[in-house]
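Scroll down for the structure; my scribbles are underneath it.
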Amino acid sequence: MAKKLTQPTRELVFGDLWEFDPAPESADPKLKKRYDLFINGSFVAPHSGKYFSTINPANETKIADIALADTQDVDSACAAAQRAFVSTWGRMPGKERGKYLYRIARLLQDRAREFAVAETMDGGKPIKESRDFDVPMAAAHFFYHAGWADKLEFLAPGRQIAPHGVVGQVIPWNFPLLMLAWKIAPAIAAGNCVVLKPAETTSITALKFGEICQEAGLPNGVVNIVSGAGETGAAVINHPLTTKVAFTGSTDVGKIIMRSLAGTEKKMTLELGGKAANIVFDDASLDQAVEGIVNGIFFNQGHVCCAGSRLLVQESVAEQVLAKLKRRIAVLRVGDPMDKNTDLGAINSREQLTKITELVKTGVAEGAEMHQSACRLPTKGFYFKPTLFSGVSMSHRIAREEIFGPVLSILTFRTLEEAVEKANNTAFGLSAGVWTDKGSRILKMSTLLKAGVVWANTYNKFDPASPFGGYKESGFGREGGKQGLLDYLKLI
Ligand code: NAI
Ligand code: MG
Numbered sequence: 089m090a091k092k093l094t095q096p097t098r099e100l101v102f103g104d105l106w107e108f109d110p111a112p113e114s115a116d117p118k119l120k121k122r123y124d125l126f127i128n129g130s131f132v133a134p135h136s137g138k139y140f141s142t143i144n145p146a147n148e149t150k151i152a153d154i155a156l157a158d159t160q161d162v163d164s165a166c167a168a169a170q171r172a173f174v175s176t177w178g179r180m181p182g183k184e185r186g187k188y189l190y191r192i193a194r195l196l197q198d199r200a201r202e203f204a205v206a207e208t209m210d211g212g213k214p215i216k217e218s219r220d221f222d223v224p225m226a227a228a229h230f231f232y233h234a235g236w237a238d239k240l241e242f243l244a245p246g247r248q249i250a251p252h253g254v255v256g257q258v259i260p261w262n263f264p265l266l267m268l269a270w271k272i273a274p275a276i277a278a279g280n281c282v283v284l285k286p287a288e289t290t291s292i293t294a295l296k297f298g299e300i301c302q303e304a305g306l307p308n309g310v311v312n313i314v315s316g317a318g319e320t321g322a323a324v325i326n327h328p329l330t331t332k333v334a335f336t337g338s339t340d341v342g343k344i345i346m347r348s349l350a351g352t353e354k355k356m357t358l359e360l361g362g363k364a365a366n367i368v369f370d371d372a373s374l375d376q377a378v379e380g381i382v383n384g385i386f387f388n389q390g391h392v393c394c395a396g397s398r399l400l401v402q403e404s405v406a407e408q409v410l411a412k413l414k415r416r417i418a419v420l421r422v423g424d425p426m427d428k429n430t431d432l433g434a435i436n437s438r439e440q441l442t443k444i445t446e447l448v449k450t451g452v453a454e455g456a457e458m459h460q461s462a463c464r465l466p467t468k469g470f471y472f473k474p475t476l477f478s479g480v481s482m483s484h485r486i487a488r489e490e491i492f493g494p495v496l497s498i499l500t501f502r503t504l505e506e507a508v509e510k511a512n513n514t515a516f517g518l519s520a521g522v523w524t525d526k527g528s529r530i531l532k533m534s535t536l537l538k539a540g541v542v543w544a545n546t547y548n549k550f551d552p553a554s555p556f557g558g559y560k561e562s563g564f565g566r567e568g569g570k571q572g573l574l575d576y577l578k579l580i
C-alpha cells in the first residue's frame with residue numbers, strides 16, 4: 089500500500105504577489121483567409137468545394153477555412169507523388185536531393201518567427217515553445233536528413249537499398265510542424281515522394297510548408313499536403329499507390345490502421361500513445377528532478393506522447409517531492425499562448441478539454457487526492473489548470489490511460505524492483521525517465537525498462553540523430569537517426 093501523501097500548503101496565486109507585464113509576440117504569421125490543398129506543387133481547391141474552419145483554441149476565434157480533401161483529391165495527390173517518383177525524385181542522385189532539403193531547412197529558419205506564431209495561433213501551445221522548440225527542431229530534422237541523402241549506402245553496408253515510392257503519412261495536432269518534419273525529411277531524403285495529412289485542428293503550418301516547398305523549387309509532386317479529418321487520413325493510408333505508411337496519433341486509430349492494412353504488402357510504422365513512468369530515487373538531486381518532472385508533464389500542456397505522466401517517487405522522499413511540486417506549479421503561468429512569459433497555453437480543442445476533464449473526474453471518484461494550481465484561467469478559450477494527483481494506485485484510470493493533458497499521477501515505490509515492475513506494468517512503452525545519482529543504477533534501469541527512450545536525469549530531450557519510438561501499444565518503427573531513415577528504405 090502506498091503511503092498517503094499529504095502536505096499542508098499555502099496556495100500562491102500569481103496576481104496576489106506580483107504580475108508580469110504582458111509580453112505579446114508581435115511577428116506577423118502571414119495567414120490567409122483560406123487554405124487550399126497542396127498537390128503537385130500548386131495550391132488547388134478541393135474537388136468537393138468543401139472547407140472546414142480552424143480556430144484559435146486560446147480564444148475560440150476562427151482563423152481560416154481549410155480545404156477538405158476527399159478521395160478524389162487524395163487520388164490526385166497520390167498520382168502526382170507517383171509521377172514525381174518515377175520521373176524525377178526517385179532517380180535523382182542523393183547529392184542533388186540533399187540540396188533541396190538544405191534549402192527547405194534554411195527557408196524554415198528564415199521564416200521561423202512567422203511559423204512559430206502561426207503554430208501557436210492554430211494549436212494553442214506557448215509561443216516560447218513553438219519559437220524555441222518546434223520550429224528550430226523542424227529545421228534541424230531537414231538539416232540532419234539533408235546530410236544523409238548522399239550517404240544512404242552506409243545505412244546498410246553490403247546491401248542494396250531502394251526507396252519505397254509513394255509514402256502516405258498522417259500526423260497529430262500536438263506538434264504539427266515538427267511531426268511533419270519528422271515524417272517528410274527522412275522520407276524525401278531517402279528518395280520517396282509523400283502525401284501527408286495534417287490533423288484537422290492544426291493544418292495551417294503544414295499548408296504553409298507547401299509554400300516553402302515552392303520557394304525551395306522542390307520538383308512538383310514530391311510533397312503533397314491533403315487536409316481533412318479521419319476519412320481523409322484513411323484514404324491516404326489505404327490508397328493503392330501508397331506502398332509505405334507512417335502514422336502518429338492515438339492507439340485506437342493505430343489499431344484501425346493495422347486492421348485495414350493486415351494482409352497487404354504495405355510497410356507501416358506507427359507511433360502511438362504513452363504513459364511514461366518518470367522515476368525518482370531518493371538519492372536524486374530533488375530540485376533538478378522537480379524541474380524535470382514539471383517539464384515532463386507540463387511541456388505543451390501535456391499533449392505529448394512521451395509525457396512523464398506517471399511519477400514514481402521513492403517513498404522516503406515522496407512527501408518532500410510533492411511539497412516541492414506544489415510550490416512549483418503554483419508559479420506556472422497559464423494563459424495567453426502568445427505571451428512570451430506563458431508556461432502553459434491553451435488545450436488544443438474542446439474535445440480534448442472534455443477528455444481531460446472526464447479523466448480527472450475519475451481520478452477524484454476513484455479516491456486519489458487532487459492538487460491544482462490556484463491560477464486564474466482566461467474566460468474564453470480552452471484551458472486546464474496544472475494538476476497533481478497523489479495517493480494514486482496502479483488500478484486507477486489516471487494511472488493507466490493516456491490523459492494527454494497537464495495532469496500528473498504520483499505513485500510511490502520502495503525498491504528498485506518495485507519501481508521497474510510498476511513502470512513496466514502498462515500497455516504502453518514509449519519513454520521513461522530515471523533520476524538518481526548513481527550511474528550504475530541508470531544503466532540497470534535503462535536495461536530493465538521496457539520503453540523506447542529512457543532519459544536519465546533529464547526529460548524530453550530530442551535530437552534528429554536519436555531514434556524515437558515505442559514498444560507494445562506505443563507502436564513500432566523508429567523516427568530519427570539511422571534507424572528512422574531505414575524505415576523509409578527497402579533492402580533488396
Ligand atoms: P487521432 O489518433 O484520432 O488523430 C491523429 C490523426 O489521425 C489525425 O490527423 C486524424 O485526422 C487522423 N485519423 C483519425 N482517424 C483516422 C483513420 N481512421 N485513419 C487514418 N487517419 C485517421 O487522435 P485524436 O482523436 O485527435 O486524439 C484522441 C486521443 O489520442 C488524445 O486524447 C490523445 O490521448 C491521443 N493522441 C495521442 C497522440 C500521440 O502522439 N501519442 C497524438 C494525438 C492524439
Ligand atoms: Mg486550430
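If you're matching positions, the sequence shown starts at 89 in this note's numbering and goes up one per residue.
Using N, Cα and C, we set each Cβ at its ideal position, and we do this for glycine too.
1) Under 8 Å, with one C-beta from each stretch per pair, do the region 174-194 and the region 301-318 reach the 3-pair mark?
2) Does DSSP put G572 in a helix, in a strand, or in coil?
3) Tell me the DSSP secondary structure of S218 in three-state form.
4) So is the beta-carbon of E555 under 8 Å away from any non-hydrogen atom of the ligand MG?
5) Which term fits L156, buried or exposed, when burial requires 16 or more other beta carbons within 10 angstroms of its beta carbon?
6) Determine the closest residue to S373 out of I491, C463 and A544, with distance taken between C-alpha atoms.
7) Whose beta carbon lies closer than 7 Å to any heavy atom of the ligand MG, going through the chain in order?
8) Are V401 and L499 closer than 9 Å when you measure CB to CB?
9) Are A322 and T357 touching if we call contact CB-CB under 9 Å?
10) DSSP state of S141, grouped into three classes?
11) Could you tell me whether the Cβ atoms of L70 and Q170 are closer together than 9 Å?
12) Between S519 and the ligand NAI, is there a pair consisting of the residue's CB and a ligand heavy atom that are separated by less than 8 Å?
13) So, using beta-carbon positions, are N548 and G396 closer together than 9 Å?
14) Can you give the Cα-Cα distance for Q460 and E509, rounded to whole angstroms?
15) So, helix, strand or coil for I300, using DSSP?
16) For the alpha helix (DSSP H) holding Q170, just list the boundary residues, first then last.
17) Buried or exposed, going by whether 16 or more other CB atoms sit within 10 Å of the CB of G455?
18) Can you grab the Cα-Cα spacing for the pair G517 / A287, in whole Å?
19) How is Q248 classed by DSSP in three states: helix, strand or coil?
20) Hey, how far is the Cα of A90 from the Cα of G568?
21) Per DSSP, A334 is paired with what?
22) Roughly how many angstroms lie between the CA atoms of T97 and S114, to the nearest whole one?
23) May I ask you to check if the CB of P270 is nearer than 8 Å to at least one heavy atom of the ligand NAI?
24) So does Q440 have its beta carbon nearer than 8 Å to some heavy atom of the ligand NAI?
25) Would you list the one or two residues that DSSP bridges to K285?
26) V310 by DSSP, collapsed to three states: which one?
27) Using the three-state DSSP reduction, which class does G563 fall into: helix, strand or coil?
28) If you compare alpha carbons, which of F501, I272 and F297 is closest to L573?
29) At a cut-off of 8 Å, is K138 close to the ligand NAI when judged by its beta-carbon and the heavy atoms of the ligand?
30) Are there any heavy atoms of the ligand NAI lying less than 8 Å away from the beta-carbon of P494, as far as the coordinates show?
31) Output needed for V324: all residues of its chain with C-beta closer than 7 Å, excluding positions within five of it in sequence on either side, in chain order.
32) Three or more beta-carbon pairs under 8 Å between the region 554-567 and the region 414-430, yes or no?
33) Starting from R398, trace the alpha helix (DSSP H) in both directions and tell me its first and last residue.
34) Provide the residue span of the beta strand (DSSP E) that contains G423, from first to last.
35) Would you be able to state if there are at least three C-beta pairs under 8 Å between the region 350-370 and the region 380-387?
36) Which residue's Cα is closest to the Cα of P474: V448, E489 and S483?
According to the structure data:
1) yes
2) On the sequence shown, residue 572 is found 484 positions in, with the first residue counted as 1. In the displayed model, G572 falls within a helix according to three-state DSSP.
3) Here residue 218 corresponds to residue number 130 of the sequence shown, with the count starting at 1. Reduced to three states, the DSSP call for S218 is helix.
4) Translated into positions along the sequence shown, residue 555 becomes position 467. In the sequence on display, residue 555 carries Pro and not Glu. The answer is no for P555.
5) In the sequence shown, the residue the question calls residue 156 occupies position 68. The residue is buried, with at least 16 neighbouring Cβ atoms inside 10 Å.
6) What you label residue 373 is simply residue 285 of the sequence shown in a count that begins at 1. Among I491, C463 and A544, the Cα nearest to that of S373 is on A544.
7) T142, I143, N144, P145, I151, D210, G211, T289 and T290
8) Here residue 401 refers to the residue found at position 313 of the sequence shown. Here residue 499 refers to the residue found at position 411 of the sequence shown. Yes, they are a contact pair.
9) Here residue 322 refers to the residue found at position 234 when the sequence shown is read from its first residue. Here residue 357 refers to the residue found at position 269 when the sequence shown is read from its first residue. Not in contact: A322 and T357 (Cβ atoms no closer than 9 Å).
10) Translated into the one-based positions of the sequence shown, residue 141 becomes position 53. Looking at S141 - three-state DSSP - the assignment turns out to be strand.
11) The chain is shown only over 89 to 580; residue 70 falls outside these bounds and no answer can be derived.
12) Residue 519 sits at position 431 when you count from the first residue of the sequence shown. Outside the cutoff, so no.
13) The sequence position of residue 548 within the sequence shown is 460, counting from 1. The sequence position of residue 396 within the sequence shown is 308, counting from 1. With contacts defined by Cβ atoms closer than 9 Å, N548 and G396 form a contacting pair.
14) Residue numbering aside, residue 460 sits at position 372 when the sequence shown is read from its first letter. Residue numbering aside, residue 509 sits at position 421 when the sequence shown is read from its first letter. Cα-Cα distance, rounded: 29 Å.
15) On the sequence shown, residue 300 is found 212 positions in, with the first residue counted as 1. Helix at I300.
16) Within the sequence shown, residue 170 is the residue found at index 82, counting from 1. T159 to A172 is the span of the alpha helix (DSSP H), which, as asked, contains Q170.
17) For the purposes of this step, residue 455 is identified with residue 367 of the sequence shown, where counting begins at 1. Burial call: exposed.
18) Counting from one through the sequence shown, the residue named residue 517 turns up at place 429. Counting from one through the sequence shown, the residue named residue 287 turns up at place 199. Rounded to the nearest angstrom, the two C-alpha atoms are 24 Å apart.
19) The count along the sequence shown starts at 1 and reaches residue 248 at position 160. Note: Q248 maps to coil in three-state DSSP.
20) Position 2 of the sequence shown holds residue 90. Position 480 of the sequence shown holds residue 568. Only weak support exists for where A90 lies, its pLDDT of 49 falling under 50; the value from the coordinates is given anyway. Rounded to the nearest angstrom, the two C-alpha atoms are 38 Å apart.
21) As a first step, residue 334 is located in the sequence shown; it is residue number 246 there, counting from the start. A334 is bridged to Q257 and T357.
22) Sequence index remark: in the sequence shown, residue 97 carries index 9 (1-based). Sequence index remark: in the sequence shown, residue 114 carries index 26 (1-based). Because T97 carries a pLDDT of 49, less than 50, the predicted location of this residue cannot be relied on, and no value is offered for it.
23) Sequence index remark: in the sequence shown, residue 270 carries index 182 (1-based). The sequence shown places Trp at residue 270, not Pro. The answer is no for W270.
24) Here residue 440 refers to the residue found at position 352 of the sequence shown. Yes, Cβ of Q440 sits closer than 8 Å to a heavy atom of the ligand NAI.
25) As a first step, residue 285 must be located in the sequence shown, where it is residue number 197. V258.
26) For the purposes of this step, residue 310 is taken as the residue at position 222 of the sequence shown. The DSSP-derived three-state label of V310 is coil.
27) Taking the sequence shown and counting its residues from 1, one reaches residue 563 at position 475. The answer is strand: DSSP assigns G563 an E or B state.
28) As a position in the sequence shown, residue 573 is number 485, starting the count at 1. Checking every option, the nearest Cα to that of L573 belongs to I272.
29) Residue 138 sits at position 50 when you count from the first residue of the sequence shown. The answer is no for K138.
30) Reading the sequence shown from its first residue, position 406 is the one you call residue 494. It does not: the Cβ of P494 is nowhere closer than 8 Å to a heavy atom of the ligand NAI.
31) On the sequence shown, position 236 is the one that residue 324 refers to. So the qualifying residues of the chain are V162, G256, V258, V283, K285, V314 and T330.
32) Under the three-pair Cβ rule at 8 Å, the region 554-567 does not count as touching the region 414-430.
33) On the sequence shown, position 310 is the one that residue 398 refers to. Taken as a continuous stretch (DSSP letters only), R398 belongs to no alpha helix (DSSP H), being part of the beta strand (DSSP E) at R398 to Q402.
34) Position 335 of the sequence shown, counted from the first residue, corresponds to residue 423. Here G423 belongs to no beta strand (DSSP E), and DSSP marks it neither H nor E.
35) yes
36) As a first step, residue 474 is located in the sequence shown; it is residue number 386 there, counting from the start. Per the Cα distances, V448.
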